[in-house]
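Counting in the working numbering, the final residue of the sequence shown is number 352, and the numbers go up one at a time with none missing. Glycine included, every Cβ here is placed at the ideal spot set by N, Cα and C. The structure presented is a predicted model; accordingly, all values stated were derived computationally and were not measured.
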Amino acid sequence: MPWIERSRGWITGIVICCAVTCAGAKSKSPSKKSSESTTSKTPAKEQPAREEPPQPIPGVMTVEEIQALADAKNYADALVQINKVLSIPADQRKGYRLDKLYTIRGDCQMQLKQFPAARDAYKAVISETSDTKRFNRGLAMSLLCQHAPQGIYIPRHPADKSAPSPRLDILSKDERNQALVALAHDDLLEAGPVAKRAKEIGRFSDVLAAMNMLVGANAAEMTATGKGAETEKPLIEVQNIAVNMLNLELEKLISDVQKIGGRANQWIHTIDAVTHATISWEKAGLTTAMTNTLRDDIARCKDAVPYVKSLQAMFGKKTKNTFSELAPAYDEIYKALNEVLTHKYWEDRH
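Right, dumping it as structure tokens:
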């Protein structure tokens, strides 16, 4: 069957890539410097590319003009102009920085108390920018909007536990900065037990959870104060643990995809020997136990694809080739196994 050969090809490529990756990791432990630039979601600190000046579009404002509208508190008008720009085909709006537009959109929507929409806009900044400062602000503001859905942030771990928690209005610049500092403090405290458990148990999911929390805490602190005095050291420690554990996790994923693919291949080759004139999968030799296992494999493959892609977003620069092969391998087998459990599959083959 064509998909069997394709999946074998995927797996062979993955094993080779992982062997190279693991060998490199074992020969040299990741340094503090390398961890800072490659393991968190924060983009590497690079010299920004020279910006292409936007070409004038009749009836459409420039980013600077839209920003001026927002600065003048004409938030609704600014949003109208942003939507105009985004409605234009990408090849016709060259030079317009999407990360700047989404930042302005988030700021305007926040001031209009459209907090869920503002959160989405700030999240878009994260995926569009290569600027570390803008990335940190996008992440920090998206988290702040998430934790203050009505525009009021209430610290979860206030410094003075004997007094009521302050209610910080994120529409106010001063209180917004206080809220970001409090958010960084809250996430840092809550990440501590997760990071400790990750070190003791060595469970990769705990390491990723702690790292995500600390990346957010660091972004909030950097946005509010310009420094990572409280969050940078804990983040680097967890990043180093994550890098060391990544190769073990990759080996598990590769072993999993090999077992699923091999099991499916074996069953299909066995079932191919059945020669009923009219056949459906219930009559093809698939027992209830086999069918349930296949369904479990389908679910595991389905879950693995977004998981692998999330790992690629965090660690892709260290293991780019491995991830580029692993996600399609799971996806290929997922589609094939789904096909096996259809009547049409067996009717077409007999």
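The alpha carbon of Leu-190 has as its nearest neighbour, out of Leu-237, Arg-178, Leu-173, the alpha carbon of Leu-237. The Cβ atoms of Ile-154 and Arg-169 sit closer than 8 Å to each other. The beta-bridge partner set that DSSP reports for Ile-154 consists of Asp-171. Taken in chain order, no unbroken stretch of beta strand (DSSP E) lies wholly in the region 99-137 with a span of 3 residues or more. Residue range 206-227 is occupied by the alpha helix (DSSP H) that includes Gly-218. Its chain contains Gly-153, Ile-154, Glu-177 as the residues whose beta carbon lies nearer than 7 Å to that of Asp-171, once the 5 sequence neighbours on both sides are disregarded; these appear in chain order.
About 7 Å separates the beta carbon of Ile-59 from that of Ile-90, a gap short enough to meet the 8 Å contact definition. It is roughly 10 Å from the alpha-carbon of Thr-290 to the alpha-carbon of Leu-296. Between the C-alpha atoms of Ala-200 and Lys-261 there is a straight-line separation of about 27 Å. Note on Leu-250: under 16 other CB atoms within 10 angstroms of its CB, so exposed under the neighbour-count rule. Pairing Ala-338 with Gln-148, the inter-Cα distance amounts to about 38 Å. Going by C-alpha positions, Val-307 is about 8 Å away from Pro-330. Within its own chain, the residues whose Cβ lies closer than 7 Å to the Cβ of Lys-304, once the five positions on either side in sequence are excluded, are Tyr-336, listed in chain order.
Met-63: not part of any alpha helix (DSSP H); DSSP gives it neither H nor E.
When C-alpha distances from Asp-258 are compared across Ala-301, Glu-341, Glu-67, the shortest belongs to Ala-301. Of the residues assessed, Gly-228 falls on the exposed side of the cut-off, its CB having fewer than 16 other CB atoms within 10 angstroms. With contact defined as three or more Cβ pairs closer than 8 Å, the region 112-128 and the region 136-146 are in contact.
Leu-145 places its beta carbon less than 8 Å from that of Gly-218. Only buried fits Asn-220, as 16 or more other CB atoms lie within 10 angstroms of its CB.
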